[in-house]
Amino acid sequence: MDFNLVIGNFLNPPILFFFLGLAAVFVKSDLEIPAPIPKILSLYLLFAIGFKGGVGLAAGGLQTQIVVILIAAVVMASVVPLYAFFILRRKLSVADSCAIAATYGSISAVTFITAAAFLEKLGIAYGGYMVAAMALMESPAIIVAVLLYRLRSADQNGAAFSWKELWRDAFFNGSVFLIMGSLVIGALSGEAGAKTLKPFTNDIFTGVLCFFLLDMGIVAARKLGDLRKAGAFLTAFAILLPLVNAAIAIPLAYVLGLSEGDAFMFTILCASASYIAVPAAMRLSIPEANPSLYVPMSLAITFPFNIIAGMPIYLAIINYFWR
Amino acid sequence: MDFNLVIGNFLNPPILFFFLGLAAVFVKSDLEIPAPIPKILSLYLLFAIGFKGGVGLAAGGLQTQIVVILIAAVVMASVVPLYAFFILRRKLSVADSCAIAATYGSISAVTFITAAAFLEKLGIAYGGYMVAAMALMESPAIIVAVLLYRLRSADQNGAAFSWKELWRDAFFNGSVFLIMGSLVIGALSGEAGAKTLKPFTNDIFTGVLCFFLLDMGIVAARKLGDLRKAGAFLTAFAILLPLVNAAIAIPLAYVLGLSEGDAFMFTILCASASYIAVPAAMRLSIPEANPSLYVPMSLAITFPFNIIAGMPIYLAIINYFWR
Amino acid sequence: MDFNLVIGNFLNPPILFFFLGLAAVFVKSDLEIPAPIPKILSLYLLFAIGFKGGVGLAAGGLQTQIVVILIAAVVMASVVPLYAFFILRRKLSVADSCAIAATYGSISAVTFITAAAFLEKLGIAYGGYMVAAMALMESPAIIVAVLLYRLRSADQNGAAFSWKELWRDAFFNGSVFLIMGSLVIGALSGEAGAKTLKPFTNDIFTGVLCFFLLDMGIVAARKLGDLRKAGAFLTAFAILLPLVNAAIAIPLAYVLGLSEGDAFMFTILCASASYIAVPAAMRLSIPEANPSLYVPMSLAITFPFNIIAGMPIYLAIINYFWR
Amino acid sequence: MMPVKRIEIIIDALELPDVLEKLDAAGVSGYTVIKDATGKGERGERGGGELSGAFINSYVLTACPPEQVAAVVETLRPILKRFGGVCLVSDAQWLIH
Amino acid sequence: MMPVKRIEIIIDALELPDVLEKLDAAGVSGYTVIKDATGKGERGERGGGELSGAFINSYVLTACPPEQVAAVVETLRPILKRFGGVCLVSDAQWLIH
Amino acid sequence: MMPVKRIEIIIDALELPDVLEKLDAAGVSGYTVIKDATGKGERGERGGGELSGAFINSYVLTACPPEQVAAVVETLRPILKRFGGVCLVSDAQWLIH
Ligand SMILES: Nc1ncnc2c1ncn2[C@@H]1O[C@H](COP(=O)(O)O)[C@@H](O)[C@H]1O
Ligand SMILES: Nc1ncnc2c1ncn2[C@@H]1O[C@H](COP(=O)(O)O)[C@@H](O)[C@H]1O
Ligand SMILES: Nc1ncnc2c1ncn2[C@@H]1O[C@H](COP(=O)(O)O)[C@@H](O)[C@H]1O
Ligand code: NA
Ligand code: NA
Ligand code: NA
């Protein structure tokens, strides 16, 4: 494994600002990004990544290859929560197992974005359709987890279950909808649109990402305390499951003939865990699950693990096999 | 009429984001731009358009022509509410008639901005003084409507009427004041100032506009329900009055010898309806008027009509006569 | 004194927007930058100035000179509150004297930023380490003032005094922490990082500054009323102390061999007064002090005085001696 | 002045639209909402510092005639049971203007 | 502890400066304001999702001695009459510190 | 329904973490916080329009059994004394769900 990669990644401003956020909490600084700024920063990031993905998608060719990737993405997003559930169920309640399974089956857009910045720095290209893959991977895990919950949980509290609401929460929740919509708009508006929006969607992007990661560092550090409740099993799970997912994703990408950049992005998607779309959906669909387990796991362990250690590890392995 | 214009306009990112906002509400997505972000986006747009207008104003020459345009703008803004009032009065109360008349006499800065982006895409120039015309057109309709109300309404509730407050609401309300102020600053700070501010006021402008129109789409879609209350008369009015105003504005622009771009911007100003400055003023000056009539009319009908159908129609007519 | 400097400074967009903010309050416009936007604008400014300073610091050489400047900065920030206290104590309570002394010993980042824009316009360079000097000057005055208060105030209300809290408020308060952190990140991430962030940290900087100064103008104008309470003594103090501080800073800069730009920035730091870090710290450490004295003094008198009259005066004097 | 009951409801913000619909259905004449509230209760802390915006409360205040309280309370009970939250009822006088 | 009256006022945000002035004039010792509230009442929904920011409510809470209530209420009545809004009065104990 | 005491605390936002810790220590079962409130009191106006964000209030509402009030009130008194603020206690009924 290439240590320059690790150091180079570490010295990237976005990663450094994540650490600054962690540090702020550790020294008990009152530094804070007040609501609703983090919300708007994340809307901006989804908007920009979606739009750029759409532009790339419209510009590219390779139709069957893209369809193959998108199918692989949906399959992984549906299978991961299944095996995650059966691992978790040995120690946890059905509700908590389902919620955590959904968390790890779904993806984190900011991990994706940070990975994209990482590749860009190294000059490795990836396809705009990977954004579509990301958007498609947000929802299936939610559906699978809720289905598991309906099947396995005895006590349904007599609450009316609404398929319509579930589909809506899974496919039309704010972040999924914005990224999909921006993707379509990016694809429709083509080169001319892309050029007008470039200063907004591309040039200031890394700066906004730094700010957002500063906030994520603050939030993650505040969640670290909750990890004591989660215990050693879940802490280990939050690091090992991403590695397992990557260990499945990399060979799959190889078999499907993905390019180096696409393979890396696919791997990071499988390894990442949701902390925006899934918690929002779980509150409504599985309110019995305990958010102080699944949120800190994805936010305070898996996210930092992926962007600090995971990215260089996955890329080193991919480099090894692809070159 | 040139259908390429319509399609080309439609595939513009800002317009597409307006539709994305509409779609979000129709599929019941929870996508939302949280307060106070829409407010700051609109302050940004006013700031940028005002500043750019001021820079253009300072750079330009043609003094008498400008004065003629500004006078025409104020006259139109004062006359429109008069005939609008007498049309509306056939069906509505004095208070509602006055408020709607003010709405259609005044202007919409975002319509202006969208029209400017439309022209820019087509490579048609317009003068910076059109921004001054816009700023001057915000207030007269408010004054005229309140005067009409004082004259025609029997029941004044015994409330103390304050001319001072009326002038303040009309001329110094936040949006009018910011656009006027930015215009003056743009004119004062000249080329050097314009250059330093260009990345902020010009480069990221379309991106911010997309975000704002996304929010406008959401708000407009939510207001559509209120239109049932408004009924067929007001729905028709919200489309026909802009056409009538345009039918007056275009010949007037021709007679006054405006350039193609200036004529288009003048027309769109006359055809547009206010949903920021006027509602704020009406709440204070004519609280008896029902906001669930005048707000959805301008926001959910006239605004989309103008930016989707109106702009290509007005431009096609202007093209026909000017070329 | 060069009147072109004064006029040129005055016609700078940021200064003009400060005046627009003042004017908005005077004409009773309802123009307002809603919370928490001013907060995020100020975080952006601290982020950008810190990052740019760090990049400059890493690029520069001249190690001993920098250490000398930083020591001078800390010394000035510790000495100013001492003599300020003894002047103020003749008329005011111990608590108020301490709080105002801290205000004037500490610095204002926005004054620094405005001064940097002023220099940039004139093409005069200053070192990135001046940002470090600024960050170091925020806290000492707070420590000194609280110590003075502990020594001089008889009635301590029996409240437990916590050194730990004091150090935290002084060194880890949000603004100090962010500027220091961004400085370190700027220094660590080097040229590559600086290039990616440039559109965010540099290009749109002046635009954001304009918006922030618009808000400061509004807030300052609203505080003007409080000045009547402050009275003639404090009003005079708010103009004279900056001049005294400058009169000490300029010879000191000369003796230490600072460049023209560095000397100017050092002077403006000494002359500026805090309205963010110090009030936050005083609320906790000296709650008996009256904020309606120290906030309007720094915000509504010293800040405008420095950016309008102070900057050209200090630069004219420096020009005279350095050239 | 008219004697009324003040009903205060603190509920997951995501349930807010549902609660307001139920209030409308129960026939209350009006309500006031403060959208963003944080807090702590049986189900742990709801800090509001969440990236998902999912763990935030809303505060609803409605004043209604005493005889309406029972209906309002019964319509809210199932939501509170399933999603947590608090409902307080107190006395007040409504200024008739 | 001192018995006081809690007066709650919900009013169009644009009227807030006027209401606060009136409260000052009526001699209340203090008040607390929550600027952004939404709601629904006789005059329809006030969603807060307005571009103009014109249709938003503010919530004001003031605790005052019982004998001050009448003065406060009378000073507010005309504003409520003209612009809508609600005023509730209830009992509380003020902690003297 | 269970009779409880509503305790409302209005305090400098910077003291909020301290107040919440004290409430926890006093054993309250929960509380609701509205972070940004403005107001006016003995110590002057707290407009919220401050660049430092230092002069803003927070509003805390906690419902607790009547027998807990004394403990809560005593734990808050020193903070209120030193930093100002208001504490009101009133009666309510808690909906048991
Ligand atoms: N005793 C209480 N007093 C005031 N608010 C409470 C209380 N208990 C709970 N809450 C609020 O209700 C929300 C949900 O409560 P729970 O369902 O108990 O977790 C909490 O986040 C608090 O905002
Ligand atoms: N019964 C009620 N309970 C609580 N708040 C109310 C009630 N009725 C009206 N309001 C509030 O007062 C505002 C103005 O009311 P109205 O003048 O009736 O439209 C509404 O938007 C609500 O926020
Ligand atoms: N009589 C009152 N009624 C309601 N809120 C009050 C009252 N007095 C003070 N407050 C609130 O408590 C805060 C601090 O009060 P004080 O310590 O008196 O300055 C004020 O800023 C108000 O928000
Ligand atoms: Na995943
Ligand atoms: Na018009
Ligand atoms: Na100083």
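Quick note, the sequences are listed as chains A, F, W, Y, C and B, same order. For the first sequence, counting from 1, position 70 maps to 70 in our numbering; every step adds exactly one. For the second sequence, counting from 1, position 58 maps to 58 in our numbering; every step adds exactly one. For the third sequence, counting from 1, position 201 maps to 201 in our numbering; every step adds exactly one. For the fourth sequence, counting from 1, position 38 maps to 38 in our numbering; every step adds exactly one. For the fifth sequence, counting from 1, position 94 maps to 94 in our numbering; every step adds exactly one. For the sixth sequence, counting from 1, position 86 maps to 86 in our numbering; every step adds exactly one. We put the CB at the ideal spot given by N, CA and C, even for glycine.
Three or more beta-carbon pairs separated by less than 8 Å are not found between the region 74-82 of chain Y and the region 66-76 of chain C, which leaves the two stretches without contact. Chain F places a beta carbon closer than 7 Å to that of leucine 20/W, counting this residue as a contact. Chain-order list of chain Y residues neighbouring alanine 37/C: Thr32, Val33 and Ile34, by C-beta distance under 7 Å.
In the DSSP assignment, glutamate 165/A falls outside any beta strand (DSSP E) and within the unbroken alpha helix (DSSP H) covering 163-171. If you check the CB distance, lysine 40/Y and tyrosine 31/B come in under 7 Å. Restricting attention to Val244/A, Met297/A and Pro242/A, the CA atom closest to the CA of alanine 230/A is found in Met297/A.
Around the C-beta of isoleucine 34/Y, 16 or more other C-beta atoms lie within 10 Å, and the residue is accordingly described as buried. Look at glutamate 42/B here: in three-state DSSP terms it is coil, with no helix or strand label. DSSP, read as helix, strand or coil, puts arginine 6/C in strand. A distance criterion of 6 Å places the beta-carbon of isoleucine 107/F in contact range of ligand 5, judged by its closest non-hydrogen atom.
Rounded to whole angstroms, methionine 137/W and valine 144/W show a C-alpha spacing of 12 Å. Under the criterion of beta carbons closer than 8 Å, phenylalanine 85/A and leucine 148/A qualify as touching, at roughly 6 Å.
In this structure, alanine 300/A sits near alanine 220/A, with a CB-CB distance shorter than 7 Å. For tyrosine 314/W, DSSP records no beta bridge to any residue. For tyrosine 275/W, the closest Cβ of chain B is nearer than 7 Å. Around leucine 16/Y, no beta-carbon contact reaches into chain A at under 7 Å, the shortest distance being about 12 Å. Spanning the alpha carbons of proline 38/F and valine 25/F requires a straight line of approximately 17 Å. The three-state reading of DSSP puts asparagine 12/A in coil, since its state is none of H, G, I, E or B. In terms of side-chain proximity, the C-beta atom of cysteine 87/Y is found no nearer than 6 Å to any non-hydrogen atom of ligand 5. Per the DSSP secondary-structure output, aspartate 91/C pairs in a beta bridge with Lys5/C. When C-beta distances to chain B are compared with 8 Å, the residues of the region 50-76 of chain Y below that value are Asn57, Tyr59, Val73 and Leu76, in chain order. The region 188-205 of chain W makes contact with the region 195-208 of chain A, as at least three CB pairs between them are under 8 Å. When secondary structure is reduced to three states using DSSP, leucine 31/F falls in the coil class, being assigned neither helix nor strand. Lysine 35/C sits in a strand when the DSSP states are folded into three classes. For serine 58/Y, the enclosing beta strand (DSSP E) starts and ends at 57-64. For ligand 3, the residues with a Cβ under 7 Å from any of its heavy atoms are, in chain order, Val28/C, Ser29/C, Gly30/C, Tyr31/C, Thr32/C, Leu61/C, Thr62/C, Ala63/C, Cys64/C, Ile10/B, Ala37/B, Thr38/B, Gly39/B, Lys40/B, Gly41/B, Glu42/B, Arg43/B, Gly44/B, Arg46/B, Asn57/B, Gly84/B, Gly85/B and Val86/B.
When the five nearest sequence neighbours on each side are left out, the beta carbons in the same chain lying within less than 8 Å of the beta carbon of alanine 116/W are those of Ile49, Tyr126 and Met265, in order along the chain. Considering only Ile56/Y, Val69/Y and Trp94/Y, the residue with the shortest C-alpha distance to threonine 38/Y is Ile56/Y. A distance criterion of 6 Å places the beta-carbon of serine 272/A in contact range of ligand 4, judged by its closest non-hydrogen atom. CA-to-CA, the gap between proline 34/W and serine 153/A works out to about 47 Å.
Under the Cβ distance rule, alanine 23/F does not count among the residues neighbouring chain C, no pair being separated by less than 7 Å. Here DSSP, grouped into helix, strand and coil, assigns aspartate 12/Y to strand. Boundaries of the alpha helix (DSSP H) harbouring serine 175/A: 174-198, taken from the DSSP string.
One Cα belongs to isoleucine 7/W, the other to isoleucine 308/W, and the distance between them is close to 9 Å. Taking the Cα of alanine 63/C as reference, the smallest distance to any Cα among Ala70/C, Asp18/C, Asp36/C and Ser29/C is reached at Ser29/C. Taking each of Asp30/F, Phe303/F, Phe305/F and Asp262/F in turn and checking the Cα distance to glutamine 65/F, the smallest one comes out for Asp262/F.
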